[in-house]
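Take a look at the structure set out below.
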Amino acid sequence: MRLPIAECTAALAIVAWLGGCHRDPEPAAPPAPTEEPTALPVEEPLPPPPEPTVYTVVAGDSLWLIGTRTGCSVDDLKLANGLGGDTIRAGQTLTIPVCEADPEPELSAEGSGDAAPLAEAGVYAIRAGDTLERIASSHGCSVSEIMTANGMVSDSIYAGRSLQIPACTGVEVAVAPAADGGGDGDTYRVRSGDNVGLIASRFGCSTSEFLAANSRSDDRIQAGELLRVPSDCTGAPAPGVVASGPVDHATLPRLLAAHGFRGGSSFKAVVVEVTFDSARRRVVSERRFDYNGTGDDVTGWNPASTVKLFAGIAAAQRARDLGVGGDAMLTYHSARDRQFSLDELLEAALGPSDNIAYNRLVQFVGYDAMNEQFLSRANGFRHTALRRPYARSEWMAQGEPSSFRETPAISIREGGRRVEVPARVGGTAGSSCGGSACTTLFDLAEAMRRLMLQEQLPTGASFDLPASELRTIRRILRTDRARGEEVVDRLARDFRTDARFYHKAGFSEDWYSDNVYIYDPSSSQAWIVAMTNHPGRSSLNSAAEAIGAILSSGELRRAR
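First residue of the sequence shown: 494, per my numbering; consecutive thereafter.
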């Protein structure tokens, strides 16, 4: 990898580059390393800290969900409201204190609803960290009413600017879920936080079958509307998706219980078993397992930095399509020109898990290209979307937009090749995702599968990355980190010392996740393990130990 300034070397290169060694005319000193460093210089002082706000609970809310939206812990909310337990009810008002947010507090798999301070005289001053959904909800408006009143064509907003707040109808349907999970005969009433993929999976349907039954050409839905549940679902995915047979929901829980592990209500896990021919040149069979049907869960957990793998792979594909490689210098023409090489962004986003580098990768790909083309069923993804930047307060304080939909012009230079990418405004792709990013463990596992098995999969069934970028991403995923090795360390205990582990972990709001590819040169098999649990970084330790023993001993292979 070629760094812009020679002083950025060895393990300090990534953080130093982001903090002050990239080619800005006014470099800043590097910050102290953190778990999720976001070291680009902040050029303007942040606005004053917000005052406590009031939030009205809606159907489907929980203290944890409200906390993820507002950057507060459950204990913060309970203390501020004098609550002795976790029970809340629709219509109840809660005081939202000023909390010390985690690196990605805005990430939530369910819908918005955060409370922001009320505007005075019909004008609201946008703060760093705001979203249009949050502002609209706090003023009893819909997003479309706010956009219409301000002549907006995109939902991107910028810190320091103002919005006109109109007299809104504020009609929002809050429907209490039925006892059977929202179904009513052959119909289903949509709840806050739902998306079509999640609803379809509840009834054993594929998304395409559900959309066809409802005569839909896209997956946009609204809380309160009724959807028809088809009676003849096969669960078959849309054409182009590489499937590997039905998912086994029972074997993994049974084997884990035999090893003394019984996951609680927050534990979710997926294992993909891959079998090669004798020369390991092609995949001859695959089996998919999950823990009690949790592999397609979109809501109720926080994938955090695991989604950065999608951005890294998509950026490498985008570079390939533009005819450039990892040495290409990307100049972002936004509030202030900034320049990075593609490999530098990959190193920072996938290694020390830098949030700002991740945002730059998504900008490079573009909102529609990311959510409509890369995160598509043709690539094996059913429930993933990347909608808003991470570290949003810092990002917006630098003059960047609150949404990925609006991306700046980018100049690309590598050797004698020059490419100019114009500024873009994205459409509604990924709109059914209620948070900054949404995904499932099976989608995470599919990304790892296509990346790590590129040489063994049929043409068209992998990402077809150039060899140089494929090696770069794989190397980064195998690099040891100061933190985030808990799962790999325990998976490895029963494997031979020459086994290799490639992974991308994530941690936010006390949800810990990891997505791991296991290569054992002594075996004709490989495995992908994607897991998440709550609370804390140690919450996956016992499960990882048990799964490592199950895989290395051949128990899973023998389970038929």
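For glycine and all other residues, C-beta sits at the position ideal for the given N, C-alpha and C.
Inset, instruction - Quick one: residues in its chain with C-beta nearer than 7 Å to the C-beta of Arg-993, no 5 flanking neighbours on either side, listed in chain order? - result: On the sequence shown, position 500 is the one that residue 993 refers to. The beta carbon of Arg-993 lies closer than 7 Å to those of Arg-971, Tyr-1012 in the same chain, with the five residues before and after it left out.
Inset, instruction - Run the CB neighbour count on Ala-1036, radius 10 Å, all protein chains shown included, and call it buried at 16 or more, exposed below. - result: The residue given as residue 1036 occupies position 543 in the sequence shown. Buried is the call here.
Legend entry - Reference Leu-719, options Gly-923, Leu-749, Arg-709, closest by Cα: Working through the sequence shown from its first residue, we reach residue 719 at position 226. The shortest C-alpha separation from Leu-719 is found at Arg-709.
Legend entry - Secondary structure of Ser-955, DSSP reduced to three states: To locate residue 955, count along the sequence shown from 1; it is residue 462. Coil at Ser-955, not helix or strand.
Legend entry - Limits of the unbroken beta strand (DSSP E) element including Ala-902: The residue labelled residue 902 in the question sits at position 409 within the sequence shown. Taken as a continuous stretch (DSSP letters only), the beta strand (DSSP E) holding Ala-902 covers 902-907.
Inset, instruction - Quick one: residues in its chain with C-beta nearer than 6 Å to the C-beta of Ile-658, no 5 flanking neighbours on either side, listed in chain order? - result: Along the sequence shown, one-based indexing puts residue 658 at 165. Here Ile-658 has Ala-612, Gly-615, Tyr-617, His-632 as same chain residues with Cβ atoms under 6 Å from its own Cβ, once five neighbours each way along the sequence are excluded.
Legend entry - Start-to-end residues for the alpha helix (DSSP H) that takes in Tyr-851: As a working note, residue 851 is residue 358 in the sequence shown. For Tyr-851, the uninterrupted alpha helix (DSSP H) segment begins and ends at 848-858.
Legend entry - Residue from Ala-812, Met-941, Phe-803 with nearest C-alpha to Glu-907: Sequence index remark: in the sequence shown, residue 907 carries index 414 (1-based). Answer by Cα proximity: Ala-812.
Legend entry - Own chain residues within Cβ distance below 7 Å of Asp-1054, not counting five before or after: Residue 1054 is absent from the model: the chain starts at 494 and stops at 1053.
Inset, instruction - Enumerate, from N- to C-terminal direction, the unbroken beta strand (DSSP E) stretches of 3 or more residues contained entirely within the stretch 1000-1043. - result: If only complete runs of 3 or more residues are kept, the stretch 1000-1043 shows the beta strand (DSSP E) at 1004-1012, 1018-1026, in order along the chain.
Inset, instruction - Take Ser-955 and list the residues in its own chain whose beta-carbon comes closer than 7 Å to its own, dropping the five residues that flank it on each side. - result: The sequence position of residue 955 within the sequence shown is 462, counting from 1. Non-local beta-carbon contacts of Ser-955 in its own chain, meaning distances under 7 Å to residues more than five positions away in sequence, involve Arg-943, Leu-946, Gln-947 in chain order.
Legend entry - DSSP-derived helix/strand/coil call for Pro-518: For the purposes of this step, residue 518 is identified with residue 25 of the sequence shown, where counting begins at 1. Any reading at Pro-518 is ruled out, since the residue's pLDDT is 40, under 50, leaving its predicted position unreliable.
Legend entry - Alpha-carbon spacing of Pro-882 relative to Ile-903, whole angstroms: As a first step, residue 882 must be located in the sequence shown, where it is residue number 389. As a first step, residue 903 must be located in the sequence shown, where it is residue number 410. Rounded to the nearest angstrom, the two C-alpha atoms are 18 Å apart.
Legend entry - Which residues DSSP lists as bridging Cys-931, in chain order: One-based indexing of the sequence shown puts residue 931 at position 438. Answer is Ala-878, bridged to Cys-931.
Inset, instruction - Examine the Cβ distances between the stretch 996-1016 and the stretch 910-927 and report whether three or more of them are shorter than 8 Å. - result: Contact fails: fewer than three Cβ-Cβ distances are below 8 Å.
Inset, instruction - Would you kindly work out how many angstroms separate the C-alpha atoms of Asp-830 and Arg-964, rounded to a whole number? - result: Numbered from its first residue, the sequence shown carries residue 830 at position 337. Numbered from its first residue, the sequence shown carries residue 964 at position 471. Cα to Cα, Asp-830 sits roughly 29 Å from Arg-964.
Inset, instruction - Give the DSSP bridge partners of Phe-994, in chain order. - result: On the sequence shown, residue 994 is found 501 positions in, with the first residue counted as 1. Phe-994 is bridged to Ile-1011.
Inset, instruction - Please list, in chain order, all residues of the same chain as Arg-775 whose beta carbon is under 6 Å from its beta carbon, the five residues on each side excluded. - result: On the sequence shown, position 282 is the one that residue 775 refers to. Excluding positions up to five away in sequence, the list reads Gln-949.
Legend entry - For Thr-768 and Leu-809, the rounded distance between their alpha carbons: Locating residue 809 in the sequence shown gives position 316, counting from the first residue. Locating residue 768 in the sequence shown gives position 275, counting from the first residue. Note that residue 809 is Ala in the sequence shown, not Leu. The C-alpha of Ala-809 lies about 27 Å from the C-alpha of Thr-768.
Inset, instruction - Along the beta strand (DSSP E) that carries Glu-766, what are the first and last residues, could you check? - result: What you label residue 766 is simply residue 273 of the sequence shown in a count that begins at 1. Where Glu-766 is concerned, the enclosing beta strand (DSSP E) stretches over 761-769.
Legend entry - Three-state class that DSSP yields for Asp-830 in the structure shown: Numbered from 1 along the sequence shown, position 337 holds the residue referred to as residue 830. DSSP places Asp-830 in the strand class (E or B) of the three-state scheme.
Legend entry - Nearest candidate by alpha-carbon position, reference Ala-884, set Ala-706, Asn-852, Ser-630: If you number the sequence shown from 1, residue 884 lands on position 391. Among Ala-706, Asn-852, Ser-630, the Cα nearest to that of Ala-884 belongs to Asn-852.
Inset, instruction - Run the CB neighbour count on Arg-755, radius 10 Å, all protein chains shown included, and call it buried at 16 or more, exposed below. - result: As a position in the sequence shown, residue 755 is number 262, starting the count at 1. Around the beta carbon of Arg-755, fewer than 16 other beta carbons lie within 10 angstroms, which makes this residue exposed.
Legend entry - Exposed unless 16 or more other CB atoms sit within 10 angstroms - verdict on Ser-886: Indexing the sequence shown from 1 puts residue 886 at position 393. Taking all protein chains shown into account, Ser-886 has 16 or more neighbouring C-beta atoms within 10 Å of its C-beta and is therefore buried.
Inset, instruction - Using alpha carbons as the reference points, say which of Val-567, Asp-568, Ile-581, Arg-967 lies closest to Val-550. - result: Indexing the sequence shown from 1 puts residue 550 at position 57. Taking only the C-alpha atoms, the option nearest Val-550 is Ile-581.
Legend entry - Local Cβ density within 10 Å of Ala-772, reported as buried at 16 or more and exposed below that: For the purposes of this step, residue 772 is identified with residue 279 of the sequence shown, where counting begins at 1. With fewer than 16 other Cβ atoms from the protein chains shown falling within 10 Å of its own Cβ, Ala-772 counts as exposed.
Legend entry - Rounded separation between Gly-1041 and Arg-1050 - CA only: The sequence position of residue 1041 within the sequence shown is 548, counting from 1. The sequence position of residue 1050 within the sequence shown is 557, counting from 1. Here the C-alpha atom of Gly-1041 lies approximately 13 Å from the C-alpha atom of Arg-1050.
Legend entry - Exposure label - Ala-1015; buried when at least 16 CB within 10 Å: Indexing the sequence shown from 1 puts residue 1015 at position 522. For the record, residue 1015 in the displayed sequence is Ser; it is not Ala. Burial check for Ser-1015: the Cβ neighbour count within 10 Å stays below 16, so the residue is exposed.
Inset, instruction - Please classify Arg-627: is it buried, with 16 or more other beta-carbons within 10 angstroms of its beta-carbon, or exposed? - result: The residue labelled residue 627 in the question sits at position 134 within the sequence shown. Residue burial annotation: Arg-627 is buried, with at least 16 other C-beta atoms found within 10 angstroms of its C-beta.
Inset, instruction - Would you kindly report the start and end of the unbroken alpha helix (DSSP H) that includes Thr-744? - result: Counting from 1 along the sequence shown, the entry for residue 744 is found at position 251. Taken as a continuous stretch (DSSP letters only), the alpha helix (DSSP H) holding Thr-744 covers 744-751.
Inset, instruction - Quick one: using the 10 Å Cβ neighbour count with 16 as the cut-off for buried, is Ala-751 buried or exposed? - result: By 1-based counting over the sequence shown, the position of residue 751 is 258. Residue environment: Ala-751 is assigned as exposed (fewer than 16 neighbouring CB atoms within 10 Å of its CB, all protein chains considered).
Legend entry - Top-ranked residue by Cα proximity to His-1027, from Glu-1002, Ser-724, Asn-864: Within the sequence shown, the letter at position 534 stands for residue 1027. If we check each option's Cα against that of His-1027, Glu-1002 comes out closest.
Legend entry - Backbone CA spacing between Ala-629 and Ala-652 [nearest angstrom]: Counted from its first residue, the sequence shown places residue 629 at position 136. Counted from its first residue, the sequence shown places residue 652 at position 159. Cα-Cα distance, rounded: 16 Å.
Legend entry - Where the alpha helix (DSSP H) containing Glu-913 begins and where it ends: Working through the sequence shown from its first residue, we reach residue 913 at position 420. That residue, Glu-913, is in no alpha helix (DSSP H); its beta strand (DSSP E) goes 910-914.
Legend entry - Pairwise C-alpha distance: Ala-1052 and Val-981: As a first step, residue 981 is located in the sequence shown; it is residue number 488 there, counting from the start. As a first step, residue 1052 is located in the sequence shown; it is residue number 559 there, counting from the start. Those two C-alpha atoms are separated by around 23 Å.
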